[in-house]
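Note sheet for the following structure.
In this note's numbering, the protein residues as written are 2 to 364.
This is how it looks when you write it as structure tokens:
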């Protein structure tokens, strides 16, 4: 059986660019008014984890990943006296991280933002949204991510939005001069929470599934626009989904009711390799007969009284930059280097219920 998560290969000649995505559970609750770090021994929003311990664990993980740019999912809140960029830059300064600058896009309607932390010595970035504003009154191809997306099915129309609008970034790698586009994603969760009635829960599961697929269709339209212009593209983040996978909690909506998973929609068809995004971790999910699978998140399932591992986080690459790329999931048990490094293993378990997913590009 091949290794699920091999160590990084030896660098080839050229310039390396390391990009990562990391969902940090309730990062916002580690900051007080005006984004003051809550570096104390009070409980965090993670189960039986103190705030100081979570802060230190997050910093240890980020230093171990050592990415030039990190798409932070569930980044600190923006709104009122809170600002995600200010919070993350204060955090980076407090823990002496080289990813000392941050970039946000459209404000989220939740307390979870999508914000890019980056090393200003290695990359130059800007918020670069695309698409027209749409109010949902007509079908519009790839409208702006802070507006409305209309989908018509069987003569009926549904209007969808992102509670966490994707972050579109124009990035230039300074050492090589290579320009890329990044889209940071936190797609709709399909999980059903707090519903005891099976019929009601089924309706919610289906509605969540349809919204998640609509968001991924919206993303795919934007992907196709970038690929049509020949741009190098990275789509990364938490998709709350996996190929042929129906979610770790709901268990109600059958995958057979839907033609594709959201991840497959964003990746595109393998029959059109020139427009098919590459992520070998996602590809493994398409072969259930192999008897094993990668995972990027670990949750405690209260009904099973068991930890459930699942693949929710992805880094998808356009075909032009994929051939020399190397992917890695910093899983505390499945990655050999993380497993034998006890301080890093504990930090990964303390910091979040998700683990970083990274890619090295040779430019």
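From the three backbone atoms N, C-alpha and C, an ideal C-beta is built for every residue, glycine too.
- With a 10 Å radius around the Cβ and a threshold of 16 neighbouring Cβ atoms, residue 333 comes out buried.
- Look at residue 352 here: in three-state DSSP terms it is helix.
- Within the segment 38-92, the complete beta strand (DSSP E) segments of 3 residues or longer fall at 70-76, listed in chain order.
- At the C-beta level, residue 20 and residue 67 stay beyond 8 Å of one another.
- Around the beta carbon of residue 305, fewer than 16 other beta carbons lie within 10 angstroms, which makes this residue exposed.
- The beta carbon of residue 98 is closer than 8 Å to those of 60, 63, 64, 92, 118 in its chain, skipping five residues each way along the sequence.
- Residue pairing by DSSP places residue 310 opposite 299 in a beta bridge.
- Judged by beta-carbon spacing, residue 264 lies beyond the 8 Å limit of residue 316, meaning their Cβ atoms are not closer than that value.
- Here the alpha carbon of residue 270 sits roughly 16 Å from the alpha carbon of residue 323.
- The C-alpha of residue 34 is placed about 31 Å away from the C-alpha of residue 346.
- Beta bridge pairing from DSSP links residue 105 with 116.
- Of the residues 358, 363, 362, 353, the one whose Cα lies closest to the Cα of residue 58 is 353.
- In this chain, residue 198 is not harboured by any beta strand (DSSP E), its DSSP state being neither H nor E.
- Secondary structure of residue 153 (DSSP, three-state): strand.
- Here the alpha carbon of residue 327 sits roughly 45 Å from the alpha carbon of residue 198.
- Here residue 272 carries a coil assignment [DSSP, helix/strand/coil].
- The C-beta distance from residue 364 to residue 18 rounds to 6 Å, short enough to fall under 8 Å.
- According to the DSSP assignment, residue 125 belongs to the beta strand (DSSP E) that extends over 124-128.
- In this structure, residue 151 lies near residue 137, with their beta-carbon atoms less than 8 Å apart.
- Within the same chain, and ignoring the five residues on either side of residue 189 in sequence, the residues whose Cβ sits closer than 7 Å to its Cβ are 209, 212, 213, 216, 241.
- Shown here, residue 330 sits in a strand according to DSSP, grouped into three states.
- Residue environment: residue 279 is assigned as buried (16 or more neighbouring CB atoms within 10 Å of its CB, all protein chains considered).
- Excluding its 5 nearest sequence neighbours in each direction, residue 358 has C-beta neighbours in its own chain below 6 Å: 22, 297, 314, 316, 330, listed in chain order.
- Residue 231 sits away from residue 312, with the two beta carbons spaced by 8 Å or more.
- In the structure shown, residue 163 falls within a coil segment according to DSSP collapsed to helix, strand and coil.
- Per DSSP, the continuous beta strand (DSSP E) segment holding residue 169 begins and ends at 168-174.
- In the pairwise beta carbon analysis, the segment 74-89 is classified as touching the segment 113-130: at least three pairs are separated by under 8 Å.
- Per DSSP, residue 325 lies in no beta strand (DSSP E) and is assigned neither H nor E.
- A distance below 8 Å separates the beta carbons of residue 147 and residue 107.
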